[in-house]
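Since the structure comes first, as structure tokens, the remarks are kept for the end.
There are 4 protein chains.
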Amino acid sequence: MLEELKRKVYEANMELPRYGLVTFTWGNASAIDRETGLFVIKPSGVEYEKLRPEDMVVMDLNMKKVEGDLNPSSDTATHCELYRAFPSVGGVVHTHSCWATSWAQAGRAIPCYGTTHADYIYGEVPCLRNLTEEELKDYEANTGKLIVEYFRKGDVEAVPCALCKNHGAFAWGKDAAEAVHNSVVLEEVARMAAQCEMINPRVAPAPQCLQDKHYFRKHGANAYYGQVSH
Amino acid sequence: MLEELKRKVYEANMELPRYGLVTFTWGNASAIDRETGLFVIKPSGVEYEKLRPEDMVVMDLNMKKVEGDLNPSSDTATHCELYRAFPSVGGVVHTHSCWATSWAQAGRAIPCYGTTHADYIYGEVPCLRNLTEEELKDYEANTGKLIVEYFRKGDVEAVPCALCKNHGAFAWGKDAAEAVHNSVVLEEVARMAAQCEMINPRVAPAPQCLQDKHYFRKHGANAYYGQVSH
Amino acid sequence: MLEELKRKVYEANMELPRYGLVTFTWGNASAIDRETGLFVIKPSGVEYEKLRPEDMVVMDLNMKKVEGDLNPSSDTATHCELYRAFPSVGGVVHTHSCWATSWAQAGRAIPCYGTTHADYIYGEVPCLRNLTEEELKDYEANTGKLIVEYFRKGDVEAVPCALCKNHGAFAWGKDAAEAVHNSVVLEEVARMAAQCEMINPRVAPAPQCLQDKHYFRKHGANAYYGQVSH
Amino acid sequence: MLEELKRKVYEANMELPRYGLVTFTWGNASAIDRETGLFVIKPSGVEYEKLRPEDMVVMDLNMKKVEGDLNPSSDTATHCELYRAFPSVGGVVHTHSCWATSWAQAGRAIPCYGTTHADYIYGEVPCLRNLTEEELKDYEANTGKLIVEYFRKGDVEAVPCALCKNHGAFAWGKDAAEAVHNSVVLEEVARMAAQCEMINPRVAPAPQCLQDKHYFRKHGANAYYGQVSH
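Residue numbers (full-length UniProt numbering), protein chains in the order written: chain A, 1 to 230; chain B, 1 to 230; chain C, 1 to 230; chain D, 1 to 230.
Right, here's the structure in full:
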């Protein structure tokens with residue numbers, strides 16, 4: 001079932017080591033089929049070289065496995081919470097990519113220092129708090145709930161990624177490919193923000209009007225970047 | 001029309017990801033044919049893997065599209081301003097290359113710390129101010145005008161690149177290939193300047209006489225670097 | 001003799017330059033056959049491109065060469081001490097990998113700043129003191145004894161790596177492949193810890209409860225990461 | 001003439017971009033034939049992809065071109081001074097490799113922070129002063145004379161490299177291949193020293209007894225590293 005979606009999720013997972021976002025098995029991509037309410041995710045701890053499209057695991061939104069011989073990614077419950085809360089989220093990626101994770105370990109949100117950031121992410125990339133010892137008992141689900149809680153008050157489409165303190169990065173999009181794309185953006189933005197602070201420790205975020213200009217050049221009714229009408 | 005120039009501009013664009021200057025579609029190269037006054041530029045938002053020479057867009061210096069099925073790069077107006085102002089500029093490249101953009105985000109000009117810099121760029125690489133909210137209404141053209149305004153008082157051949165604050169880098173040259181070359185130089189120089197300040201926070205620019213020696217070893221009437229007579 | 005083990009040790013050594021952990025001959029991997037009490041190690045100073053499985057040297061735990069035309073790695077005595085002291089150690093790797101060695105040169109233990117670290121290493125990566133001038137007379141054996149002395153009071157399985165001050169890194173595991181794996185983890189963790197301190201100089205280690213959660217998600221009786229039962 | 005030496009110098013030059021030490025034409029390797037007193041060097045400003053063994057230029061120690069259609073590297077006079085002064089120098093390499101050049105721009109000698117450094121370089125890598133305005137008139141020869149002056153008081157074999165302030169790196173060895181090898185060592189050592197100071201700004205050099213141990217493990221009468229007798 002969902003063979004086409006499995007193939008896409010497989011491809012998305014394989015992009016992660018290609019873009020240098022994942023070492024060993026430290027990442028996972030998923031995508032949801034909104035008609036059936038089922039999502040497809042990478043199996044847990046399987047090496048990328050050995051991964052095949054048919055190894056993808058099919059889950060429902062109650063965290064029941066619907067199809068697949070292997071265990072789903074240990075982070076499946078986090079993906080699930082995002083799909084349950086936000087109908088616009090069609091794909092989710094989790095990585096420990098080097099620069100994004102360095103910010104997550106540092107416990108800091110990534111300020112918007114330039115248009116590379118503003119083209120894709122409207123405002124700072126949040127760094128969400130540690131879970132409490134109580135919350136850690138249901139670690140992966142509560143990680144998802146923390147992200148959901150934050151974006152209930154925000155805009156999950158305008159800020160398609162978040163850092164989890166002392167952990168790593170999540171990114172999302174309308175499908176698995178866009179979630180991978182946003183993971184690459186996040187890593188590049190994280191790297192340039194760190195280098196920018198190294199070059200000028202007193203740097204301030206980009207002017208709001210420039211952030212607006214770039215974000216709305218690519219998104220919304222008046223977008224004019226690229227070839228397609230918006 | 002301009003098939004040979006299209007091929008050269010295509011090649012120049014393809015060099016950008018090869019040199020690691022461009023992720024996704026975050027860059028563009030163009031070149032002008034001074035006889036017809038037409039310039040050729042990459043289409044907007046097309047992936048590099050899918051780009052073909054025939055996709056290049058032909059523009060005139062009044063920003064009218066003369067040939068091409070696709071929209072030209074969203075930064076076309078910036079390229080256009082440079083061609084209008086400076087007859088010696090034959091090719092232009094825009095990138096968000098990592099280290100150059102980190103300096104642009106930091107809002108600092110890159111000092112000349114050594115001969116790698118001095119061999120190609122005479123003096124510091126300027127970091128141009130943010131546009132005002134009013135200027136942002138015609139963003140790309142005004143970015144070009146800002147660069148032009150700066151180099152009217154300077155020497156657009158001796159300093160073949162500039163940073164735009166909170167944005168990215170522009171470089172130019174006598175043709176598209178030289179503009180790419182100068183973009184690579186800029187990125188390398190930006191990286192070494194940042195690392196150099198990390199190693200010695202109180203570092204001063206290279207002595208002026210050393211800068212002169214290296215620049216004029218490669219440029220001008222008494223140049224003796226390479227195989228061709230100058 | 002031990003042809004299968006030689007092949008595995010050869011493969012493990014070849015992984016080191018592939019993962020970017022080794023330049024020239026600056027690294028070595030070994031593994032032990034606990035039945036015979038013999039271990040197999042890379043020959044000294046042989047280029048990786050020229051290495052063949054049959055070049056591996058077989059040693060006993062008294063540092064006598066049992067088979068092999070070439071001299072064993074100059075670090076053989078360090079490997080030997082680890083095998084003598086810890087029955088659970090089946091493979092050992094030594095590298096001068098860039099970030100781990102930078103911490104070793106800095107003389108600092110690597111704090112646990114996040115879950116990438118906690119997934120594999122329980123607590124900080126120790127940085128062992130310099131040998132005394134007296135101890136340097138039997139340099140390689142005493143390097144091993146220093147590591148052994150430290151882990152007699154600790155847990156050599158929960159912390160599968162250590163830094164030697166002003167020198168480099170050692171990592172180990174149940175076999176050569178796992179020792180390579182842990183060397184890659186160490187390098188990645190070392191890089192992210194340094195970047196994390198650059199982004200936030202006052203950063204604190206990850207909360208202990210989060211470290212526990214991640215370590216025991218992958219290790220011990222209640223582990224649930226991956227496909228195999230623990 | 002000297003066809004074998006030309007081939008070796010060609011190979012050495014081609015190693016420079018492979019090891020990531022050279023962008024464009026920013027580097028050159030040479031080697032000398034002590035019997036004839038002639039040395040072979042890369043031509044000036046020729047792209048590496050287009051370089052052929054027969055393009056190498058043969059020079060004598062009075063800076064007269066003996067064979068070759070092309071101009072020799074603009075840095076030829078620096079190489080020449082080293083060959084004239086030190087009979088043990090058989091090959092010379094000049095690069096603007098990124099980390100070594102960052103130290104040169106910073107105007108600092110590279111302290112010996114660990115055994116990777118001590119294995120090849122006995123003590124710090126010197127950073128030589130800027131030339132005076134007068135000395136710049138004969139720039140390349142005086143660069144060589146400055147290096148020679150420094151090593152007249154030192155040991156050109158024990159310290160096979162030097163930085164030139166605000167410029168770049170020179171390395172040497174018994175032949176061109178060893179000079180390339182030492183250039184790679186220098187770049188790696190420069191990188192780890194910078195990162196080490198970033199991790200611990202108050203770091204001290206490695207203890208002298210450890211530096212001695214490692215240097216003499218590989219060099220001199222009692223060396224025991226590798227396969228060959230010393």
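In this text, a Cβ means the ideal position worked out from N, Cα and C, and glycines have one as well. Keep in mind it's a predicted model, so treat the numbers as computed, not measured.
Using CA coordinates, which residue listed in the options is at the minimum distance from residue i?
{"i": "residue 137/D", "options": "90/B, 192/B, 210/B, 73/B", "result": "210/B"}
{"i": "residue 13/C", "options": "152/C, 177/C, 36/C", "result": "177/C"}
{"i": "residue 223/A", "options": "37/B, 15/B, 156/B, 44/B", "result": "44/B"}
{"i": "residue 218/D", "options": "80/D, 38/D, 117/D, 56/D", "result": "117/D"}
{"i": "residue 154/A", "options": "98/A, 31/A, 86/A", "result": "86/A"}
{"i": "residue 102/B", "options": "204/A, 216/A, 221/A", "result": "204/A"}
{"i": "residue 7/C", "options": "88/C, 36/C, 41/C, 74/C", "result": "41/C"}
{"i": "residue 36/D", "options": "134/D, 150/D, 73/D, 5/D", "result": "5/D"}
{"i": "residue 16/C", "options": "201/C, 180/C, 1/C", "result": "180/C"}
Does any residue of chain B have a CB that is nearer than 7 Å to the CB of residue i?
{"i": "residue 213/A", "result": "yes"}
{"i": "residue 136/A", "result": "no"}
{"i": "residue 70/D", "result": "yes"}
{"i": "residue 229/A", "result": "Low confidence applies to residue 229/A: its pLDDT is 47, below 50, so where it sits in the model is not reliable, and the reading given next is rough at best. Residue 229/A does not count as touching chain B."}
{"i": "residue 23/D", "result": "yes"}
{"i": "residue 284/D", "result": "With chain D covering only 1 through 230, there is no way to say anything about residue 284/D."}
{"i": "residue 103/D", "result": "yes"}
Going by the beta-carbon positions, is the gap between residue i and residue j smaller than 7 Å?
{"i": "residue 214/C", "j": "residue 76/C", "result": "no"}
{"i": "residue 174/C", "j": "residue 90/C", "result": "yes"}
{"i": "residue 121/B", "j": "residue 194/D", "result": "no"}
{"i": "residue 163/C", "j": "residue 95/C", "result": "no"}
{"i": "residue 71/C", "j": "residue 227/D", "result": "yes"}
{"i": "residue 142/B", "j": "residue 161/B", "result": "no"}
{"i": "residue 79/C", "j": "residue 92/C", "result": "yes"}
{"i": "residue 192/B", "j": "residue 98/D", "result": "yes"}
{"i": "residue 32/B", "j": "residue 83/B", "result": "yes"}
{"i": "residue 53/A", "j": "residue 10/A", "result": "yes"}
{"i": "residue 186/C", "j": "residue 171/C", "result": "yes"}
{"i": "residue 23/B", "j": "residue 188/A", "result": "yes"}
{"i": "residue 100/A", "j": "residue 158/A", "result": "no"}
{"i": "residue 167/C", "j": "residue 104/C", "result": "yes"}
{"i": "residue 81/C", "j": "residue 156/C", "result": "no"}
Across which residues does DSSP place residue i in a beta bridge pair?
{"i": "residue 170/A", "result": "94/A, 162/A"}
{"i": "residue 58/C", "result": "40/C, 67/C"}
{"i": "residue 72/A", "result": "43/A"}
{"i": "residue 27/B", "result": "95/B"}
{"i": "residue 33/B", "result": "38/B"}
{"i": "residue 125/D", "result": "110/D"}
Is the shortest distance between the beta-carbon of residue i and the beta-carbons of chain D less than 7 Å?
{"i": "residue 167/C", "result": "yes"}
{"i": "residue 147/B", "result": "no"}
{"i": "residue 114/B", "result": "yes"}
{"i": "residue 162/C", "result": "no"}
{"i": "residue 200/B", "result": "yes"}
{"i": "residue 17/C", "result": "no"}
{"i": "residue 122/B", "result": "no"}
Can you pull the chain F residues whose beta carbon is under 8 Å from the beta carbon of residue i, in chain order?
{"i": "residue 220/A", "result": "No chain F appears in the structure shown, which is made up of the protein chains A, B, C and D."}
Does chain A have any CB closer than 7 Å to the CB of residue i?
{"i": "residue 206/C", "result": "yes"}
{"i": "residue 12/B", "result": "no"}
{"i": "residue 45/B", "result": "yes"}
{"i": "residue 77/B", "result": "no"}
Can a CB atom of chain C be found closer than 7 Å to the CB of residue i?
{"i": "residue 106/A", "result": "yes"}
{"i": "residue 139/A", "result": "yes"}
Would you call the stretch 103–111 of chain C in contact with the stretch 41–52 of chain C, where contact means no fewer than 3 C-beta pairs closer than 8 Å? The answer is no - the stretch 41–52 of chain C does not touch the stretch 103–111 of chain C, with fewer than three Cβ pairs under 8 Å.
Say whether the stretch 118–135 of chain B touches the stretch 61–76 of chain B, bearing in mind that this needs 3 or more beta-carbon pairs closer than 8 Å, one atom from each stretch. With a cut-off of 8 Å, the stretch 61–76 of chain B and the stretch 118–135 of chain B do not count as touching, because too few Cβ pairs lie within range.
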